[in-house]
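*Asks:*
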Amino acid sequence: MLARIYRPSRTAMQSGKRKTELWVLEFEGRSPRKTDPLMGWTSSADTLGQVKMTFDTKEAAIAYAKEQRLPYQVLEKPDQAPVPKSYADNFAFRRRTPWTH
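Set out below in C-alpha cells:
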C-alpha cells in the first residue's frame, strides 16, 4: 500500500490557484476495478482508494506517513511562472501574423 503525496493541479474550469496550495496524501489501489455486467458501473473492494487527506505543507504529509509507517512517494511539479498577457497585444503593430477575423 503506497501513499502518494502531491499538490493537485488546477482543473480546466478554474482560472485561479484555489485548492492547489494544499498537499494531498492518497493511497494507491490494491485491487483492480471490476465492471458490473448489468449496469456497467465500476467498483472495487478496496476502500482505501476512496481516502484522500489534505495537509497544509509537504512536511506535514511526510510526517503523517512516517508516523503511520506508510511507504510514501512524493511527486513534485515545478512551479510555472505566469505569462504576462495583454488584450492590447492582439492589435499591436509588432504582431508576427496579421490580425484578421
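Residue numbers (this note's numbering): 570 to 670. For every residue, glycine included, the Cβ atom is placed at its ideal position computed from N, Cα and C. Predicted model only: the values in this text are computed from it and were never measured.
1) Tell me GLN642's beta-bridge partners as DSSP assigns them.
2) I want to know whether the stretch 612-624 touches the stretch 643-660 - three or more CB-CB distances under 8 Å.
3) Please confirm whether ARG599 and MET570 have their CB atoms less than 8 Å apart.
4) Looking at the secondary structure, which residues open and close the beta strand (DSSP E) in which GLU677 lies?
5) So the candidates are MET608, LEU639, GLU628 and ASP605; which of them puts its Cα closest to the Cα of LEU617?
6) According to DSSP, simplified to helix, strand and coil, what is LYS627?
*Replies:* Once the coordinates are examined:
1) ARG573
2) no
3) yes
4) Since the first and last residues shown for the chain are 570 and 670, residue 677 lies out of range.
5) LEU639
6) helix
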